[in-house]
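Take 2 as the starting number for the sequence shown in the working numbering and just add one per residue.
One structure is given below, encoded as structure tokens.
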Amino acid sequence: MTAKEIYNNIRKIYFKHIIWPLFPIAVTIMILLLVPFKDVLNPKKVDSTAELIDAVKDGHVYLEISLPRLIYSGYDYMRDNDVYGEYYYDLVDSEKCVFFLVKPTEKRTHTHLNNVVKRVKVTETNGVFDNMLSMFASNINWTEEGVKDITEDYILSEVDYHYRIYTVILWMIMATLVYSIAVFLYNLFIGMFPMLSPKLLLAKYMYNSERKEKVKGVGRFVAQVAEEMTSAKVCQGGMYITDNFFVNLDTSDYDIVPISKIVLLYEHSTLKAFLGIHMKVSYTLHIKVSKLLRFHAPKKDLADVNSILDYFREHEPDVLIGYTDENKQQVKELIRKSTSWFRK
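Printed below as a string of structure tokens:
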């Protein structure tokens, strides 16, 4: 084993991990392009009903209106016996009529609203609106056809303008996009410069933490690990035991752990099933170093895991083997007595 081979293995792992962030990046960008967040969160502002009509003709769907007055039609929009919205209207020179569906007030004693500032969405008319318009025409002693002739064929709905929902969704999408891009760039950077991998830096720090003669530089540290792996005492399933290190080089992850820092080793099995059919048992070797720091070597064969455990039983009596209540208590005691973040 050479240092170059270790670096190449790390490169492959990180380059492999740049693939999965591409999917959420693509999906979030597509959502940002298809959903009109800009129009919803920054609607076109209009100061008169005439200006509003022109804005709708120009294709604007989301508007912020500032109107001096809206007149109550006398009708509400009901859902499940509750008032969902109230119909108001405004006239432009008695030639054009625009209807608004606004959020209901708790106690309505008014026939009109003054100084109206609201965000509204242009929505299509429906059967409920047509029935309301027919009754409205009857109440004002006008023909239904006459009212329809001057009424715009859309509703300006406040109740359908979900500003807060769009804001929350946009924040979630942006958070997902930023996180995915950060993961992509991180894996790309470490793949290009594997000597800066956090796991390598951590392994070097742990190894040097109690040594008088420190290994200077990640390159020298990796070279030492590679040299020891060449004459490894145990080499099973991508796992190596050398004079000073336990090394796991896998296609999906890697770990380099100084043996002097290991407190506990144990294996955990997982039964994989598909459609209720038991397919395969997978084994994971768990390595505990401190209260917060642990490593694991997943998807191993039982024979390979047992070879590692047997070696530690025979040659490293200070390392506890097996996830038992007694071992858990001893691990807590060792960590509690330790003045270092790692086991001494």
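For glycine and all other residues, C-beta sits at the position ideal for the given N, C-alpha and C.
>> Comparing C-alpha positions only, which one of S291, E52 and L335 sits nearest to M207?
In response: Here residue 207 refers to the residue found at position 206 of the sequence shown. Here the closest residue by C-alpha is S291.
> From F190 to Y8, what distance separates their C-alpha atoms?
Replying inline: As a position in the sequence shown, residue 190 is number 189, starting the count at 1. As a position in the sequence shown, residue 8 is number 7, starting the count at 1. Roughly 13 Å between the two C-alpha positions.
> If you run the structure through DSSP and keep just helix, strand and coil, what is K345?
Replying inline: Working through the sequence shown from its first residue, we reach residue 345 at position 344. At K345, the pLDDT of 47 sits below 50, so the modelled position is not reliable and the matter cannot be decided from this model.
> Where does M175 land, buried or exposed, given buried means 16+ other C-beta within 10 angstroms?
Replying inline: Sequence index remark: in the sequence shown, residue 175 carries index 174 (1-based). Counting Cβ neighbours within 10 Å, M175 comes out exposed, since fewer than 16 surround it.
> Which residues bound the beta strand (DSSP E) around P69?
Replying inline: Indexing the sequence shown from 1 puts residue 69 at position 68. Element bounds for P69: Y63 to R80.
> Would you call S158 buried or exposed, if buried means 16 or more other Cβ atoms sit within 10 Å of its Cβ?
Replying inline: Indexing the sequence shown from 1 puts residue 158 at position 157. Around the beta carbon of S158, 16 or more other beta carbons sit within 10 angstroms, so the residue counts as buried.
> Considering only residues of the same chain and omitting the five flanking positions on each side of T112, which have a CB-CB separation below 6 Å?
Replying inline: Translated into positions along the sequence shown, residue 112 becomes position 111. Correct list, in chain order: Y73.
> In the stretch 274–317, which residue ranges form an unbroken alpha helix (DSSP H) of at least 4 residues, counting only runs that do not cross its ends?
Replying inline: 303–316
>> I'd like to know whether the C-beta atoms of L42 and Y78 end up nearer to each other than 9 Å.
In response: Mapped onto the sequence shown, residue 42 falls at position 41. Mapped onto the sequence shown, residue 78 falls at position 77. Contact flag unset, no.
> For G86, does the three-state DSSP call read helix, strand or coil?
Replying inline: In the sequence shown, counting from the first residue as 1, residue 86 sits at position 85. Here G86 sits in strand by DSSP.
> So what's R212 in DSSP terms, helix, strand or just coil?
Replying inline: As a first step, residue 212 is located in the sequence shown; it is residue number 211 there, counting from the start. Residue state, collapsed to three classes: coil.
>> Tell me which residue opens and which closes the alpha helix (DSSP H) that K104 is part of.
In response: Here residue 104 corresponds to residue number 103 of the sequence shown, with the count starting at 1. Where K104 is concerned, there is no enclosing alpha helix (DSSP H), given that its DSSP letter is neither H nor E.
> Taking the alpha-carbon positions, what's the K5 to P195 distance?
Replying inline: Numbered from 1 along the sequence shown, position 4 holds the residue referred to as residue 5. Numbered from 1 along the sequence shown, position 194 holds the residue referred to as residue 195. The straight-line gap from Cα to Cα measures roughly 10 Å.
> What is the DSSP secondary structure of V264, counted as helix, strand or coil?
Replying inline: In the sequence shown, the residue the question calls residue 264 occupies position 263. Of the three classes helix, strand and coil, the one that applies to V264 here is coil, per DSSP.
> What separation, rounded to the nearest whole angstrom, lies between the Cα atoms of K345 and T3?
Replying inline: Here residue 345 is taken as the residue at index 344 of the sequence shown, counted from 1. Here residue 3 is taken as the residue at index 2 of the sequence shown, counted from 1. For K345, the predicted structure reports a pLDDT of 47, less than 50, and the residue's modelled location is therefore unreliable. The matter cannot be settled from this model.
> What's the call for T144, buried or exposed, on a 16-neighbour Cβ count within 10 Å?
Replying inline: For this step, residue 144 is matched to residue 143 along the sequence shown. Exposed is the call here.
>> Please report the distance separating the alpha-carbon of Y89 from that of T126.
In response: In the sequence shown, counting from the first residue as 1, residue 89 sits at position 88. In the sequence shown, counting from the first residue as 1, residue 126 sits at position 125. The straight-line gap from Cα to Cα measures roughly 14 Å.
> Would you call R288 buried or exposed, if buried means 16 or more other Cβ atoms sit within 10 Å of its Cβ?
Replying inline: Taking the sequence shown and counting its residues from 1, the one referred to as residue 288 is at position 287. Inspection of the sequence shows that residue 288 is occupied by Ile rather than by Arg. Counting Cβ neighbours within 10 Å, I288 comes out buried, since at least 16 surround it.
> Which residue from S270, D326, L293 and L335 puts its Cα closest to that of A304?
Replying inline: Here residue 304 is taken as the residue at index 303 of the sequence shown, counted from 1. Minimum Cα distance to A304 is reached at S270.
> For W342, which residues from the same chain have a beta carbon less than 6 Å from its beta carbon, with the 5 sequence-adjacent residues on both sides left out?
Replying inline: Reading the sequence shown from its first residue, position 341 is the one you call residue 342. Its pLDDT being 48, under 50, W342 is placed unreliably by the model, and the measurement read from it follows with that caveat. Here the set comprises S291.
>> Between which residues of its own chain and R314 is the CB-CB distance below 7 Å, once the five residues before and five after are set aside?
In response: For the purposes of this step, residue 314 is identified with residue 313 of the sequence shown, where counting begins at 1. These residues qualify, in order along the chain: I322.
> Beta-carbon separation of L202 and V179 under 9 Å?
Replying inline: On the sequence shown, position 201 is the one that residue 202 refers to. On the sequence shown, position 178 is the one that residue 179 refers to. Contact flag unset, no.
>> Please classify Y162 as buried or exposed, where buried requires at least 16 other C-beta atoms within 10 Å of its C-beta.
In response: Taking the first residue of the sequence shown as position 1, residue 162 is located at position 161. Buried: at least 16 other Cβ atoms inside 10 Å.
> At a cut of 8 Å, does the stretch 17–34 reach the stretch 45–65 through at least three beta carbon pairs?
Replying inline: With contact defined as three or more Cβ pairs closer than 8 Å, the stretch 17–34 and the stretch 45–65 are not in contact.
>> Quick check on the burial criterion: 16 or more other C-beta atoms within 10 angstroms. Buried or exposed for L197?
In response: Here residue 197 refers to the residue found at position 196 when the sequence shown is read from its first residue. It counts as exposed.
>> For the beta strand (DSSP E) containing L157, name the first residue and the last one.
In response: Mapped onto the sequence shown, residue 157 falls at position 156. Where L157 is concerned, the enclosing beta strand (DSSP E) stretches over T152 to S158.
> Can you name the start and end residues of the alpha helix (DSSP H) that P25 belongs to?
Replying inline: Translated into the one-based positions of the sequence shown, residue 25 becomes position 24. Boundaries of the alpha helix (DSSP H) harbouring P25: L23 to L35, taken from the DSSP string.
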